[in-house]
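Novice: Keeping their order, the protein sequence lines are chains A and B.
For the first sequence, our numbering begins at 1 and goes up steadily by one.
For the second sequence, our numbering begins at 1 and goes up steadily by one.
Ideal Cβ positions, reconstructed from N, Cα and C, are used throughout, including at glycine.
Below is the structure I would like to discuss, written out as C-alpha cells.
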Amino acid sequence: MGPLLAQFDPILEGLMRAIWLLLTLNYEVYGIMLLTLFVSGVAVIIASVAGIPLGAAVGLNEFIGKRPFMSLVNTLMGLPPVVVGLLVYLLLSASGPMGPLQLLYTPTAMIIAQIIIAAPIVVGVTVSAVGSVDKGIRDKALSLGATKLQLTLTILKEAKIGLVTAIILAFGAAISEVGAVMIVGGNIRWFTRVLTTAIVLETELGEFSVAIALGIILLLIAFIINWILTRMQWSGLRR
Amino acid sequence: MALIEVQELSKTYDENVALRNVGLRIEEGDFLVVVGPSGAGKTTFLRLLDLLEEPSRGRILFDGIDTASPNHDRLAFRRQIGMVFQRAVMFNASVRSNVAYPLRIRGIKNDLDRSIDDALKLVGLEGFEGRHALTLAGGEAQRVSLAQAMVFQPRLLLLDEATANLDPRNVSIIESIVAQINRQRHVTVVMATHNIAQAERLASKVAVFSEGALAEMGDSSEVLGKPSELLISFAAGVNAYTGQAYPLDDGLASVDIGNNVRIEAATRKKGNVTAFIKAEDITISTTPIKSSARNTLKGKVTGIIDLAERVQLKVDAGREFEVIITKKSFHELEINLDSEVYLNFKASSVRVV
C-alpha cells in the first residue's frame, strides 16, 4: 500500500493545493485564470462571430469548390496548435510581415493563434449542424414568406444545439492548447502566462503538486463554462 | 381575370422531366384538386405555384402579372400564398411561436394574439398556444401547419397531399376546415392528392396529371362523372366503375357496371354514371351472410398485397374489386389466392357521380 499511496501523493497534494490557492484568493493564480479566460474567450467569440456566418453560408449553398473547401476545413480542425504557434510566430516576429505591429509575446498574439485553432472547428461543426436541419424547415420558412436573411436566421435557430456544440468544442480546443500560446506568448509572468503554460513550467520545475493544482483549476473553469453553454444549448428546446 | 394562369410550364431536374408543358387557369374561388399517381408531377406543380422553385420553361401569372417579371418581387407573390406540405415540419418552439412566425417575418405586430387565436380556432386547436410544437401528434401538427398557412390570410392555399399520412379522423377534420376556408373565406384552394374519393368530396374543378403532363381538366362532375381509363387506373384505395343506373324504389338505384355485375347505390341518378366504392368500405366473408348491406357479390381472390397492419385483396367478382381488411381478419378468415369469398357493402357506401 505504501508505495502505491506515494504514487498518488502529488495528486492528493495537488487537490489540497488547488483548494488552498482558490480559497486564499492567490493573486497570481487568479491573474492567470483571468488571462486564460480572456484569451480563449475573446478568441472563441471572434472565431464564432466570423465562423458561424461563414459555416452557414457554406452549409446552405451549393457552389463549385465546396468539397475541397470542406476538406481544407476538416484538415484545419486537426491542425496541431504548435504548428499554428510557429506560423503566427513567423508572421509576428520582427522580420515577419506583421513584425512592425510588435505583437509577439503579447496576449493579442495568443488570441490570434487561438482564433486560428478555433475558427476551423466553428466553421466545420456549423456546416454540419446547418446541413442536418430538416430540409422541410427550409420549404416551410420560404413558403410562409421568409426573405433569404430570415430563412438563414430560422435555420440557424433550428441548428442551435449544433451551433453551441461548435462553440463548446472550439472553447475546449482553445483553452486546453499549450503549444501555440507558449510560442507566441512566451509564458511571461504577470503578462502572458496562462494555465496551460504555467502547468508546463511547474512540471519542468518539479513542482508537481502546483502543476496538478493548476490542472484541476483548468478543468474547473472548463466545466463551469461548458455547464453554462449546455444550459444555453437546450433552453426552450425539445428532443 | 384568372387568379393564376399557368402557361407552358415545364420543370426539369437534371435529366428528369418532372413537369411538361402544363397550361391552365385557376379562377378566384376555385377549389382545384390535382389528382394523379405519385410521380405525376403534382408536387412539382404545387412547388412551382408557391414560387419555391423556378420553372425551367413557361410562366406563372398571378393576377395577370408574370411572377418572374424583374419589376416584381417573387416574395411579394409568395406572401399571398399559403402552403401545407405532406410532412408536417414544426419549428422547434411553442405552437404560438410557430403560428406567429409568418406574421413576425412580415413585421406585423398589431393584433398578434387575435390573429393567432383566430388561426388556431379555425383548425380547432384553441388552447394549444403553450404546447411545444414538437410534442404534437401528426394530425395536430398538420392542423398547426394549416393554421400557419392561414394566419396571414393568403389569397391562395396550396395543399400537397396534406392528409396522406393522417388517420381518418384528422383527414375528415382537415377536409372540412379546408372546405370551409374555400366556401366561407373565399380562399382559392389547390390541393394535390392521389385519393379520388377526396377529390370527389371537395373539388369544384379537377385536373388529372400523368407523367408530368396535364391529361385532363374540368369541372369536378365532368371529370369524375366520366372518368378516363387513366383516372380509374390509379384510383388507389377506391373502386371506380362506369355504368348505367336504373332507379329502384326508396332512393336506391341499380348500377350495371358491366359483365353482368349490378350493384345497388343510394342515389336517384340515372343513365351514365360513375360509381365509387372505397376499398375499406367493403367487408369480406367466406360464406354468404344475412346483413343490412344491400350488396353481396361472390368472387375469387386474385391478388394479396401486404400493407403492414392491413392487407389489400384483389377480388374478381365479374369486375375486379379492391378490398382492404385488417391482417387479423385476413388470418382469421384463412384467405388464400383463389379462395372463394363474398364481398359485402352498403348501398350508401357507393358514391355515384
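(1) Give a yes or no on whether the minimum CB-CB distance between Tyr101(B) and chain A is below 8 angstroms.
(2) Within 10 Å of its beta-carbon, does Gly59(A) have 16 or more other beta-carbons around it, so buried, or fewer, so exposed?
(3) Kindly indicate if chain A contains any beta-carbon less than 8 angstroms away from that of Asn92(B).
(4) Are the C-beta of Met83(B) and some C-beta of chain A separated by less than 8 angstroms?
(5) Could you pull the DSSP bridge partners for Ala245(B) from this structure?
(6) Provide the residue(s) that pair with Thr287(B) in DSSP beta bridges, ordered along the chain.
(7) Once DSSP output is grouped into helix, strand and coil, what is the label at Thr43(B)?
(8) Run down chain C in chain order and give the residues with a C-beta less than 8 angstroms from the C-beta of Phe152(B).
(9) Where does Asn110(B) land, buried or exposed, given buried means 16+ other C-beta within 10 angstroms?
(10) Using C-beta distances below 8 angstroms, list every residue in its chain close to Lys278(B), excluding the 5 sequence neighbours before and after it, in chain order.
(11) Quick one: is Val89(B) near chain A, going by C-beta distance under 8 angstroms?
(12) Find the nearest neighbour of Glu280(B) within the set Gly29(B), Asn182(B) and Asn195(B), judged by alpha-carbon distance.
(13) Among Ala211(A), Val82(A), Leu54(A) and Val83(A), which residue has its Cα nearest to the Cα of Phe69(A)?
(14) Closer than 9 angstroms between beta carbons: that is the criterion. Which residues of the stretch 25-53 of chain B meet it against chain A?
(15) Spatial neighbours of Ile324(B) within its chain, please: C-beta separation below 6 angstroms, excluding the five flanking residues on both sides.
(16) Going along the stretch 119-140 of chain A in order, which residues come within less than 8 angstroms of chain B, judged by CB to CB distance?
(17) Using a C-beta cutoff of 8 angstroms, does Leu75(B) count as contacting chain A?
(18) Measuring alpha carbon to alpha carbon, tell me which of Gly131(A), Leu35(A) and Ile121(A) ends up nearest Gly172(A).
(19) Give the secondary structure of Ile112(A) by DSSP, where H, G and I count as helix, E and B as strand, and everything else as coil.
(20) So which of Asn26(A), Val44(A), Tyr30(A) and Glu28(A) has the shortest CA-CA distance to Ala174(A)?
(21) Are the beta-carbon atoms of Val84(B) and Ala162(B) separated by less than 8 angstroms?
(22) Distance, Cα to Cα, Asp249(B) vs Asn260(B)?
(23) Taking the alpha-carbon positions, what's the Leu280(A) to Ile168(A) distance?
(24) State the Cα-Cα distance for the pair Met1(A) and Asp9(A), rounded to the nearest angstrom.
(25) Beta-carbon separation of Ala180(A) and Ala113(A) under 8 angstroms?
(26) Say whether chain A places a C-beta atom closer than 8 angstroms to the C-beta of Gln312(B).
(27) Give the secondary structure of Val352(B) by DSSP, where H, G and I count as helix, E and B as strand, and everything else as coil.
(28) Using 10 angstroms around the beta-carbon of Gln184(B), count the other beta-carbons present and answer buried if the total reaches 16, otherwise exposed.
(29) Against Glu158(A), what residues of chain B qualify as contacts under a CB-to-CB distance less than 8 angstroms, listed in chain order?
(30) Run the CB neighbour count on Gln180(B), radius 10 Å, all protein chains shown included, and call it buried at 16 or more, exposed below.
(31) Between Ala133(B) and Phe223(A), what straight-line distance do the alpha-carbon atoms span, to the nearest angstrom?
(32) Assuming Leu202(B) and Phe45(B) form a contact by the criterion Cβ under 8 angstroms, report the distance between their Cβ atoms to the nearest whole angstrom.
(33) Is any beta-carbon of chain A found at less than 8 angstroms from that of Ile105(B)?
(34) In chain B, which residues lie less than 7 angstroms from Leu60(A) when you measure between Cβ atoms?
(35) Please look up how many angstroms separate the CB atoms of Ala192(B) and Val34(B), rounded, as I've assumed it's under 8 angstroms.
(36) Taking C-beta pairs closer than 9 angstroms, name the residues in chain B that Leu237(A) reaches, listed in chain order.
Specialist: Quick look at the numbers:
(1) Interface annotation, Tyr101(B): in contact with chain A, CB-CB separation under 8 angstroms.
(2) It counts as buried.
(3) At least one CB of chain A lies nearer than 8 angstroms to the CB of Asn92(B).
(4) So yes, Met83(B) belongs to the interface.
(5) Note: Ala245(B) sits in a beta bridge opposite Val255(B) and Gly271(B).
(6) None, per the DSSP bridge assignment.
(7) DSSP, read as helix, strand or coil, puts Thr43(B) in helix.
(8) The structure shown contains no chain C; its protein chains are A and B.
(9) It is exposed - the Cβ of Asn110(B) has fewer than 16 other Cβ atoms within 10 Å.
(10) The answer, listed in chain order, is Ala197, Gly237, Val238, Asn239 and Ser349.
(11) Interface residue, yes.
(12) Of Gly29(B), Asn182(B) and Asn195(B), the residue nearest in Cα terms is Asn195(B).
(13) Residue Leu54(A) is the option with its Cα nearest to Phe69(A).
(14) Cβ contacts with chain A come from Arg47, Asp50, Leu51 and Leu52.
(15) Around Ile324(B), the same chain offers Ala279, Glu280, Arg310 and Gln312 as residues with beta carbons nearer than 6 angstroms, after the five sequence neighbours per side are excluded.
(16) Within the stretch 119-140 of chain A, the residues whose Cβ lies closer than 8 angstroms to some Cβ of chain B are Asp134, Gly136, Ile137, Asp139 and Lys140, listed in chain order.
(17) Yes, because at least one Cβ of chain A sits closer than 8 angstroms to the Cβ of Leu75(B).
(18) Of the candidates Gly131(A), Leu35(A) and Ile121(A), the residue whose Cα lies closest to the Cα of Gly172(A) is Ile121(A).
(19) Correct three-state label for Ile112(A): helix.
(20) Here the closest residue by C-alpha is Val44(A).
(21) Their beta carbons are under 8 angstroms apart, which means Val84(B) touches Ala162(B) by this criterion.
(22) Take the alpha-carbon of Asp249(B) and the one of Asn260(B): they are about 21 angstroms apart.
(23) Only positions 1 to 239 of chain A appear in the structure, and residue 280(A) is not among them; the question remains open.
(24) Residue placement at Met1(A) is flagged as unreliable, the pLDDT there being 44, under the threshold of 50; the coordinate-derived value follows with that caveat. Going from the Cα of Met1(A) to the Cα of Asp9(A) covers about 12 angstroms.
(25) Going by C-beta atoms, Ala180(A) is nearer than 8 angstroms to Ala113(A).
(26) The beta-carbon of Gln312(B) is placed no less than 8 angstroms from the nearest beta-carbon of chain A.
(27) Reduced to three states, the DSSP call for Val352(B) is strand.
(28) So Gln184(B) counts as exposed.
(29) Within chain B, the residues whose beta carbon sits less than 8 angstroms from that of Glu158(A) are Phe91 and Asn92, listed in sequence order.
(30) Burial call: exposed.
(31) Just so you know, the alpha carbons of Ala133(B) and Phe223(A) end up roughly 32 angstroms apart.
(32) Going by Cβ atoms, the distance from Leu202(B) to Phe45(B) rounds to 17 angstroms, so no, they are not a contact pair.
(33) At least one CB atom of chain A sits nearer than 8 angstroms to the CB of Ile105(B).
(34) In chain order: nothing, as chain B lies at least about 15 angstroms away.
(35) That pair is a contact at about 5 angstroms.
(36) Identification of chain B residues near Leu237(A) by a Cβ-Cβ cut-off of 9 angstroms yields Asn92, Ala93, His132 and Leu134, ordered along the chain.
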